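Chemist: Below: one structure in structure tokens.
There are 2 protein chains.
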Amino acid sequence: MITLEDIARQAGVSHSTVSRALADSPLVNAETKKRIQILASEAGYQVNQVARNLKARSTKTIGLVVPEVSNPYYPKLVQLIADLAREAGYSLQLQLSGTDQDAESACLESLRAQRVDGILLVSGESGLVAREHVNALAASGVPLVLMGWVESTEHLDTVTGDDAKGGYALAQHLIRLGHRRIAILGKRPHRGIYDRLQGFKAALDEAGVTLPGALQVMAKTDAEVGRGVAQLLALPEPPTAIFAYQDSLAALVIGYLADAGISVPQQMTVVGFDNLDLATYISPRLTTIGGHIEPLATQFVGLLLERIQKAAPDTAPQHRVVTPQLVVRKSCAPPREKK
Amino acid sequence: MITLEDIARQAGVSHSTVSRALADSPLVNAETKKRIQILASEAGYQVNQVARNLKARSTKTIGLVVPEVSNPYYPKLVQLIADLAREAGYSLQLQLSGTDQDAESACLESLRAQRVDGILLVSGESGLVAREHVNALAASGVPLVLMGWVESTEHLDTVTGDDAKGGYALAQHLIRLGHRRIAILGKRPHRGIYDRLQGFKAALDEAGVTLPGALQVMAKTDAEVGRGVAQLLALPEPPTAIFAYQDSLAALVIGYLADAGISVPQQMTVVGFDNLDLATYISPRLTTIGGHIEPLATQFVGLLLERIQKAAPDTAPQHRVVTPQLVVRKSCAPPREKK
DNA sequence: ACTTTTCTTGCAATCGTGTGCAATAGCATT
DNA sequence: AATGCTATTGCACACGATTGCAAGAAAAGT
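Which chain is which? The protein sequence lines are A and B, in order.
What the first sequence shows, in the working numbering, is residues 1462 to 1800, in sequence order.
What the second sequence shows, in the working numbering, is residues 1462 to 1800, in sequence order.
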């Protein structure tokens, strides 16, 4: 690999002059500057960022920790974050924390070792696993913003979607359509999911709609979602609408309903949450809650950049909240008349 | 940020000793080693990878260039690559080249500047944009493996899926089911798509099935896919099967068919390509071509690691090909009897 | 007691850039 | 001609870690 020194030798000057020439410093004679620049570009010189980073004590890189990227929610987020980071002149160091317990800590360690300028942490379903690591990082002054629904993080910068409001809007929508027997179906709930449910249930309560236990189904695997759907259909009084609290779940539910010969929305209303691209790929296109991911990404990156660039880092922790909205598509209809 | 020197001062030794102690070198007295290790961990010392990388002239990082991550094909690939890289002890530097023409070059420049140990390049729909950059990189000895369907890359290491075989298998499947009027629908084709079509057409040819121009629809946007579907349905003799050569397209097609009151597979057979998770989310679950992404990722990373670790870098370029397989699900049925 | 070996440690150079400071030369000012 | 100013360049150190080499002490051998 070719260095400043190599160029310097060719040009018959010192490496300092080359460094300055390539930085377009006014401290270099205009002609030699030009000459060096041409020489360097011909030689295919490329600055060694590692050395530069060491000297500059900054890497112009932000670390992004995300549980996985096979779950379609995250890629959308990653794409937005990557674009924003690039715009701001930062590289992205992606770390996938997976579902493994230790991995989240390992990711943070690695990012710290690599001296990223700041860290964006998206906690997974199991919540904030590496709590002590995060606290240590924050204490040592590494800019860090947390996304997600984790408790006891008042001392950290956070960005969160107001899932309760989303759930509320969704329930309201179903009630307005006339539904009274509404089921909830999902995988093991974590904090964010919990908020969705709370909001949803609050709206039901206000409308005087009851939610018997038989209409609340928890499934762990895809196959269990199938069994859950069958279970709901087998009830003496089956629901007229199902709230699957993630779009991918809703897609599965629609699939299993189709297996049972039930068409959506004619015979059953289904709604999801998050408004992933997936929601427009399935048929019927899904009514869901959306519009929050973009502002979440914007706030996420924006807050981190503020922390990185601010000289005074000890302002009070911020908690930014983004409100999602109802996205009405084709998966809902009024309930059929009872016969 | 705390350095070796700081620990050294606390321990009353030189920084060299600390370095050796933390590396668990046998050149340090067992007791002092222990003492230093404890001291360092208490102080929360974390090695500065930037400095270490500079000295080691290696970063234990591989760069991954991917067009985007919002197209569901890529996240699956990224996830697999990330997992493999981590297993091998490498970090991942993700770069999104987007659709912009210059961006691909910029990504490569950036990765080279950061002195990644090797580069994985996935070319986008428009083919290999940064051809001269890639050649320069390869010539300068940076390990680089290319994925994708790009012409004139015999001098580079490549990993490719045998899309022609996939297309062939798909057509065969449709023909066996009895279909004779089969439409092809897709977005602007690039090289990989081209192979899919060639294989597909070859199988049709062999079976003596003709493919009139009216049954080949190209769409640029999602909306045009809708118009394309309408167009096909409006034909005097509409097709009995549609090959949408990406799963996401197939999903859209099924959606538009539903809009027109056509049910899949009873009234129309639809097949896709790639076997994304999406294929099981939509209903009916999609018959498609799959199983290639995992081995693609394995070969991709494996070949790069071989190049990185091999002392002799001038072996002949390799071209690894992965054969995909037919995945039969629920989106196909024999054609209806003509009335 | 003297030499040789073994352990342990520190010195100093290195990786490639960036930059404060000093040095030199050229030119203008008086 | 002496002085001051400016433009240009190089020296040398710093960033934080690794590592070959030498040095010193302790132990062992004769």
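The beta-carbon is built from N, C-alpha and C at its ideal position, and this holds for glycine as well.
Remember, predicted model here, so these are calculated numbers, not experimental data.
(1) Pop quiz: L1718 of chain A and M1729 of chain A are said to be a contact at Cβ under 8 angstroms. What is the actual Cβ separation, rounded to whole angstroms?
(2) Do A1632 of chain A and A1675 of chain A have their beta-carbon atoms positioned less than 7 angstroms apart in this structure?
(3) How would you list, in chain order, the residues of chain A whose beta-carbon sits under 8 angstroms from the beta-carbon of I1743 of chain B?
(4) Taking only beta-carbon positions, decide if K1800 of chain A is within less than 7 angstroms of chain B.
(5) Could you spell out the range, first to last residue, of the beta strand (DSSP E) harbouring G1689 of chain B?
(6) Scan the segment 1739-1765 of chain A and note each continuous alpha helix (DSSP H) run of 4 residues or more that stays entirely inside, going in chain order.
(7) Smallest Cα separation from D1624 of chain A: which of A:A1600, A:I1636, A:H1651?
(8) Fully enclosed by the segment 1515-1569 of chain A, which alpha helix (DSSP H) runs are 4 residues long or longer?
(9) So with CB distances below 8 angstroms, who are the chain A contacts of R1576 of chain B?
(10) Three-state secondary structure (DSSP) at I1723 of chain A?
(11) Expressed to the nearest angstrom, what Euclidean distance is found between the alpha-carbon atoms of I1636 of chain B and R1790 of chain B?
(12) With distances taken Cα to Cα, identify the nearest neighbour of V1583 of chain B among B:V1577, B:V1714, B:R1768, B:G1559.
(13) Output, in chain order, the set of chain A residues within a Cβ distance shorter than 7 angstroms of N1514 of chain B.
(14) In this structure, what does DSSP give as the bridge partners for I1580 of chain B?
(15) Could you spell out the range, first to last residue, of the alpha helix (DSSP H) harbouring R1592 of chain A?
(16) Could you confirm whether any beta carbon from chain B is found closer than 7 angstroms to the beta carbon of A1482 of chain A?
(17) What number of angstroms, rounded off, separates the C-alpha of N1596 of chain B from the C-alpha of V1782 of chain B?
(18) Can you tell which of A:S1792, A:D1467, A:L1764, A:E1755 has its C-alpha closest to the C-alpha of L1638 of chain A?
(19) Between the segment 1681-1701 of chain B and chain A, which residues of the former have CB atoms less than 9 angstroms from a CB of the latter, in chain order?
(20) Just the C-alpha distance for H1780 of chain B and I1523 of chain B, rounded to the nearest angstrom, thanks.
(21) State the Cα-Cα distance for the pair L1409 of chain B and A1517 of chain B, rounded to the nearest angstrom.
(22) Can you pull the chain A residues whose beta carbon is under 8 angstroms from the beta carbon of E1529 of chain B, in chain order?
(23) Is L1557 of chain A close to chain B? Criterion is C-beta to C-beta, closer than 7 angstroms.
(24) By the criterion of Cβ-Cβ separation under 8 angstroms, what are the contact partners of R1496 of chain B in chain A?
(25) Taking the alpha-carbon of S1477 of chain B as reference, which of B:D1578, B:L1465, B:A1721, B:A1705 has the nearest alpha-carbon?
(26) Tell me whether L1737 of chain B, by its Cβ, gets closer than 6 angstroms to a heavy atom of the ligand ADP.
(27) Going straight from the alpha carbon of P1778 of chain B to that of A1691 of chain A, what length do you get?
(28) Look at I1497 of chain B and A1482 of chain B and say whether their C-beta atoms are less than 7 angstroms apart.
(29) Got a sec? Which residues, its chain only, sit under 8 angstroms from D1467 of chain B by beta carbon, not counting five neighbours each side?
(30) What does the Cβ neighbour count give for Q1707 of chain A, buried or exposed, with the cut at 16 atoms within 10 Å?
(31) Can you look up A1794 of chain A in the DSSP assignment and give me helix, strand or coil?
(32) State buried or exposed for N1490 of chain B, treating a residue as buried only when at least 16 other CB atoms are found within 10 Å of its CB.
(33) Who pairs with M1679 of chain A in a beta bridge, going by DSSP?
(34) Could you give the DSSP three-state label for V1732 of chain A: helix, strand or coil?
(35) Look at the Cβ atom of Q1785 of chain A, then the Cβ atom of I1750 of chain A, and state whether they are nearer than 7 angstroms.
Modeler: Looking at the coordinates:
(1) Counting from one through the first sequence, the residue named residue 1718 of chain A turns up at place 257. Counting from one through the first sequence, the residue named residue 1729 of chain A turns up at place 268. At roughly 6 angstroms, the Cβ-Cβ gap stays under 8 angstroms, so L1718 of chain A and M1729 of chain A are in contact.
(2) If you number the first sequence from 1, residue 1675 of chain A lands on position 214. If you number the first sequence from 1, residue 1632 of chain A lands on position 171. Result no, Cβ atoms of A1675 of chain A and A1632 of chain A do not sit closer than 7 angstroms.
(3) Position 282 of the second sequence holds residue 1743 of chain B. The answer, in chain order, is A1712, G1716, Y1742, I1743, S1744.
(4) Taking the first residue of the first sequence as 1, we reach residue 1800 of chain A at position 339. Confidence at K1800 of chain A is low in this model, with a pLDDT of 42, below 50, so its placement is unreliable and the value that follows should be read with caution. With 7 angstroms as the cut-off, K1800 of chain A does not count as an interface residue toward chain B.
(5) In the second sequence, residue 1689 of chain B corresponds to position 228, counting from 1. First-last for G1689 of chain B: 1683-1694, but that is the alpha helix (DSSP H), not the beta strand (DSSP E).
(6) 1739-1742
(7) By one-based count along the first sequence, residue 1624 of chain A stands at place 163. Nearest of A:A1600, A:I1636, A:H1651 to D1624 of chain A, Cα basis: A:H1651.
(8) 1534-1548
(9) Indexing the second sequence from 1 puts residue 1576 of chain B at position 115. Those are M1462, N1509, Q1510, V1511, listed as they occur along chain A.
(10) As a first step, residue 1723 of chain A is located in the first sequence; it is residue number 262 there, counting from the start. I1723 of chain A: coil per DSSP, three-state reduction.
(11) As a first step, residue 1636 of chain B is located in the second sequence; it is residue number 175 there, counting from the start. As a first step, residue 1790 of chain B is located in the second sequence; it is residue number 329 there, counting from the start. Distance between the alpha carbons of I1636 of chain B and R1790 of chain B is about 16 angstroms.
(12) For the purposes of this step, residue 1583 of chain B is identified with residue 122 of the second sequence, where counting begins at 1. Minimum Cα distance to V1583 of chain B is reached at B:G1559.
(13) Residue mapping note: residue 1514 of chain B aligns to position 53 of the second sequence, counting from 1. Neighbours of N1514 of chain B on chain A, chain order: V1511.
(14) Your numbering for residue 1580 of chain B matches position 119 in the second sequence. Looking at the DSSP assignment, I1580 of chain B forms a beta bridge with B:G1524, B:L1605.
(15) Residue numbering aside, residue 1592 of chain A sits at position 131 when the first sequence is read from its first letter. Its alpha helix (DSSP H) spans residues 1592-1600.
(16) The residue given as residue 1482 of chain A occupies position 21 in the first sequence. Taking Cβ atoms only, chain B never reaches closer than 7 angstroms to A1482 of chain A, which makes this a no.
(17) In the second sequence, the residue the question calls residue 1596 of chain B occupies position 135. In the second sequence, the residue the question calls residue 1782 of chain B occupies position 321. Spanning the two alpha carbons is a distance of roughly 21 angstroms.
(18) Within the first sequence, residue 1638 of chain A is the residue found at index 177, counting from 1. Checking every option, the nearest Cα to that of L1638 of chain A belongs to A:S1792.
(19) D1683
(20) Taking the first residue of the second sequence as 1, we reach residue 1780 of chain B at position 319. Taking the first residue of the second sequence as 1, we reach residue 1523 of chain B at position 62. Their backbone Cα atoms lie some 20 angstroms apart in a straight line.
(21) This structure cannot speak to residue 1409 of chain B, because chain B is shown only from 1462 to 1800.
(22) Reading the second sequence from its first residue, position 68 is the one you call residue 1529 of chain B. The answer, in chain order, is Q1540.
(23) As a first step, residue 1557 of chain A is located in the first sequence; it is residue number 96 there, counting from the start. Closer than 7 angstroms: yes.
(24) The sequence position of residue 1496 of chain B within the second sequence is 35, counting from 1. Those do not exist, as R1496 of chain B stays about 22 angstroms from chain A at its closest Cβ, beyond 8 angstroms.
(25) Your numbering for residue 1477 of chain B matches position 16 in the second sequence. It is B:L1465.
(26) With respect to the ligand ADP, the structure shown offers nothing to examine, as it has no ligands at all.
(27) In the second sequence, the residue the question calls residue 1778 of chain B occupies position 317. In the first sequence, the residue the question calls residue 1691 of chain A occupies position 230. When rounded, the distance between both Cα atoms is 54 angstroms.
(28) Residue numbering aside, residue 1497 of chain B sits at position 36 when the second sequence is read from its first letter. Residue numbering aside, residue 1482 of chain B sits at position 21 when the second sequence is read from its first letter. Yes, the pair counts as a contact, with Cβ atoms nearer than the cut-off.
(29) Stepping through the second sequence from its first residue, residue 1467 of chain B is reached at position 6. Same-chain partners within the cutoff: A1504, Y1506.
(30) In the first sequence, the residue the question calls residue 1707 of chain A occupies position 246. Buried, since its Cβ has 16 or more Cβ neighbours within 10 Å.
(31) Walking along the first sequence from the start, residue 1794 of chain A turns up at place 333. Residue state, collapsed to three classes: coil.
(32) Within the second sequence, numbered from 1, the residue matching residue 1490 of chain B stands at position 29. So N1490 of chain B ends up on the exposed side.
(33) Locating residue 1679 of chain A in the first sequence gives position 218, counting from the first residue. Per DSSP, A:G1647.
(34) Reading the first sequence from its first residue, position 271 is the one you call residue 1732 of chain A. Strand.
(35) Locating residue 1785 of chain A in the first sequence gives position 324, where the first residue counts as 1. Locating residue 1750 of chain A in the first sequence gives position 289, where the first residue counts as 1. Gln is not the amino acid found at residue 1785 of chain A; the sequence shown has Pro there. Yes, the pair counts as a contact, with Cβ atoms nearer than the cut-off.
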